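Comments concern the structure below.
2 protein chains.
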Amino acid sequence: MNIAILFGGSSYEHEISIVSAITLKKVLKKSNLSFIFCDSNREFYLIDSTNMKSNYFADGSYRKAKKLILKKGAFCTEGMLGLKEQSLGTVLNLIHGRDGEDGKVASLLEFNDIAYISPRIDASVLSYNKLYTKLYAESLGVKVVPYKLLNSNESRDIELEYPVIIKPVRLGSSIGVSIVKSADELDYALDVAFEFDTQVLIEPFIEGVLEYNQAGCKTADFELSIVEEPNKEEFLDFEKKYLDFSRDGKVMDAEISAELKSDIQEAFKKVYGTIFEGSIIRCDFFVVDGEVLLNEINPIPGSMANYLFEDFEGMVKRLSTKLPKEALIKIDYSYINSIQSAKGGKV
Amino acid sequence: MNIAILFGGSSYEHEISIVSAITLKKVLKKSNLSFIFCDSNREFYLIDSTNMKSNYFADGSYRKAKKLILKKGAFCTEGMLGLKEQSLGTVLNLIHGRDGEDGKVASLLEFNDIAYISPRIDASVLSYNKLYTKLYAESLGVKVVPYKLLNSNESRDIELEYPVIIKPVRLGSSIGVSIVKSADELDYALDVAFEFDTQVLIEPFIEGVLEYNQAGCKTADFELSIVEEPNKEEFLDFEKKYLDFSRDGKVMDAEISAELKSDIQEAFKKVYGTIFEGSIIRCDFFVVDGEVLLNEINPIPGSMANYLFEDFEGMVKRLSTKLPKEALIKIDYSYINSIQSAKGGKV
């Protein structure tokens, strides 16, 4: 299987994407891998596998690698005789946050007719924006954590039951997110969140809430991971986060009832629906009073949540043969020809 | 003002986009225009202004024009000495339907840092998909025409009050849309709609409903068009549609009360919000029992609805100086450097 791992991006999660890519190099052992780095300036570079070390990017050495230009059908190198197409195989979109999760990379690859594993445009936009995720989930009958939406130009004089959690509507990870324990902390937390977005969500912060992650994709049928009960920490510090994005060891199935497991899996399948076809995603659920609530969709989870699957590499291979294809639109100019003939060729 | 009109695309509305572009050539008289044609195969061509006639595209002559390659910062021609950047000015996205309205063109231009007039990615996805439009509008407190959603794999055995109108969830224009007057016509209409999409909306068809269009954009403040009462015809035939996309004559303000006009304009402003910044859109409203309901958002209306504005060309110029800019994300590799120092340079 030829897989090109696309990572980096103009994103707050640029560095963590590098960590994810290095991890997948270790995980996808049987595949023929290429590495496409998107630098902070959105230039593409073809990275030699032996250079897949984080320092190579941090110290700017990557700039010595070959630049790639994306055009119809392929990534190309620019040579003496014009652009030269590279056969890199199916692209695995591993850009976390902006560019990768907001629909841009999906658009670039779709437009240029390159096979890719990633949420498509709609799925990206709906999962990158936490408000749209809620509207989408509710329309499917999947319950969500209750929320208030606040725009940066609206009054902050609002009644809340503390503690609450403040989240910028966009951005992945925990960037700009704060837990607010009382009214006098609210203003500062909103200032922080509004630095990253013009809209924030305010949700009840549920101390010690039961939290479960379910990852999966659809190949011939759904392939679901184990259900994981993630480690509780109020926030990820940088080392914890590093561990999170570089995980490749297997984890244990959560000890939950068959009924709860089934509820979580049904909610996952509803969310995945048809719009997430072509992608491997992770949904994070809360369980409150026995009810499964969608917390968020991780459209490109750290190191693709490989550690939650029995046969991650086999699944990637099966998925790469089941990628959704855009409808072919045939343009025969019959409309213009009719108009021309009606107007005597004058338009 | 330098404006590059981008038109064509891999879209059912490819031909109508050519008509739109020819019309704007006539309308934007004082501007320095370039024309970028995206053919059905998604190759870009730089079209000489004198060749802006529909036959030039219908008979394939455009293939003799210079090809363009989009890369970071500019559209380029490929020459003996590599890629050569073209200074074409602000791109006006005039691709109707797929590619132009679904977020792809916005992504391409945003990613490559090219100034453009168009709905951005989120705004495109929310307006291209009629279901998401409804969820979005309802979340803003804007009323919509009531609807049922039907998936292609669901039972068609549904209770409906006829007549109804069947619409594929995506696609612009009237493609795949049918009015169904009784239960025995339903199956055929659904077959037609499901040829274009896996989801359809079923709405009550309201005979003789009052319909009003409002176009506008936000420059220093909102610039709103007159309110138009569109011509009623059950459906657009091809000549009617041609007239619609090639309009450049002014129309009359609808004869409605100041109160209704204000309700329509307030609904427009709510829908436009911040997410449509950078674009000129048209919202189509129904008025039922004095209530304003959003019917649909036209994110790239035919010939940009130029005929609804007093000073269309001036507005385009003002808008081109008020385009939203993505936040700059500075990547300093402090995270990787911290991890490296914590791990003794071993990652």
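If you read the protein sequences in the order shown, they are chains P and R. Heads up, the first sequence is in the numbering used here, so the first residue is 69 and it goes up one at a time. Heads up, the second sequence is in the numbering used here, so the first residue is 69 and it goes up one at a time. Think of the CB as a built atom: it goes at the ideal place given N, C-alpha and C, for glycine as much as any other residue. Nothing here was measured: the structure is a model prediction, and the numbers come from that model.
Assign residue i to buried or exposed, taking buried as 16 or more other Cβ atoms, counted over all protein chains shown, within 10 Å of its Cβ.
i	result
residue 120 of chain P	buried
residue 148 of chain P	exposed
residue 504 of chain R	Not covered by the structure: residue 504 of chain R. The range shown for chain R is 69 to 415.
residue 332 of chain P	buried
residue 145 of chain P	exposed
residue 165 of chain P	buried
residue 83 of chain R	buried
residue 252 of chain P	exposed
residue 395 of chain R	exposed
residue 261 of chain P	buried
residue 302 of chain R	Because the pLDDT at residue 302 of chain R is just 49, under 50, the model does not fix this residue reliably, and the value given afterwards should be weighed accordingly. Counting Cβ neighbours within 10 Å, residue 302 of chain R comes out exposed, since fewer than 16 surround it.
residue 91 of chain P	buried
residue 411 of chain R	exposed
residue 320 of chain P	exposed
residue 409 of chain P	exposed
residue 259 of chain R	exposed
residue 388 of chain R	buried
residue 197 of chain R	buried
residue 172 of chain R	buried
residue 71 of chain P	buried
residue 250 of chain P	exposed
residue 141 of chain P	exposed
residue 276 of chain P	exposed
residue 187 of chain R	buried
residue 373 of chain R	buried
residue 256 of chain R	exposed
residue 143 of chain P	buried
residue 350 of chain R	buried
Going by the DSSP bridge assignment, what does residue i pair with across the sheet?
i	result
residue 264 of chain P	For residue 264 of chain P, which the question treats as bridged, DSSP gives no partner whatsoever.
residue 284 of chain P	P:292, P:349
residue 102 of chain R	R:72
residue 279 of chain P	P:354
residue 158 of chain R	R:71
residue 216 of chain P	P:270
residue 153 of chain R	R:144
Go to residue i, then tell me how far its beta strand (DSSP E) extends in each direction, as first and last residue.
i	result
residue 147 of chain P	142–147
residue 139 of chain R	134–139
residue 360 of chain R	359–366
residue 112 of chain P	112–115
From the beta carbon of residue i, is the nearest beta carbon of chain B less than 8 Å away?
i	result
residue 340 of chain P	Absent from the structure: chain B. Protein chains present are P and R.
Please report the residue range of the alpha helix (DSSP H) in which residue i lies.
i	result
residue 80 of chain P	Per DSSP, residue 80 of chain P belongs to no alpha helix (DSSP H) and is neither H nor E.
residue 374 of chain P	Premise fails: residue 374 of chain P is in no alpha helix (DSSP H) and is neither H nor E.
residue 234 of chain P	Segment 232–236 is the beta strand (DSSP E) holding residue 234 of chain P; no alpha helix (DSSP H) there.
residue 248 of chain P	Segment 246–248 is the beta strand (DSSP E) holding residue 248 of chain P; no alpha helix (DSSP H) there.
residue 390 of chain R	Note, residue 390 of chain R: premise wrong, no alpha helix (DSSP H); not H, not E.
residue 404 of chain R	402–410
residue 336 of chain R	326–340
residue 251 of chain P	Counting along the chain, residue 251 of chain P falls outside any alpha helix (DSSP H), and DSSP gives it neither H nor E.
residue 125 of chain R	122–126
Run the proximity test for residue i: is its beta-carbon closer than 7 Å to any non-hydrogen atom belonging to the ligand SAH?
i	result
residue 178 of chain R	The ligand SAH is not part of this structure, which contains no ligands at all.
Legend entry - Continuous alpha helix (DSSP H) assignments of at least 4 residues falling wholly in the stretch 160–202 of chain R: 172–179, 189–196
Inset, instruction - Determine contact between the stretch 366–376 of chain P and the stretch 242–260 of chain R, defined as no fewer than three beta-carbon pairs at a distance below 8 Å. - result: no
Inset, instruction - Please determine if the stretch 97–114 of chain P and the stretch 126–142 of chain P are in contact, where contact requires at least 3 C-beta pairs separated by less than 8 Å. - result: yes
Legend entry - Segment contact, 8 Å Cβ cut-off, at least three pairs: the stretch 262–281 of chain R with the stretch 222–237 of chain R: yes
Legend entry - Segment contact, 8 Å Cβ cut-off, at least three pairs: the stretch 395–405 of chain R with the stretch 75–82 of chain P: yes
Inset, instruction - Report yes or no: do three or more beta-carbon pairs, one from the stretch 170–182 of chain P and one from the stretch 352–360 of chain P, lie closer than 8 Å? - result: no
Inset, instruction - Would you check if there are 3 or more beta carbon pairs closer than 8 Å linking the stretch 375–387 of chain P to the stretch 71–79 of chain R? - result: no
Inset, instruction - State whether the stretch 185–205 of chain P contacts the stretch 220–232 of chain R, with contact taken as three or more CB pairs (one from each stretch) at a distance under 8 Å. - result: no
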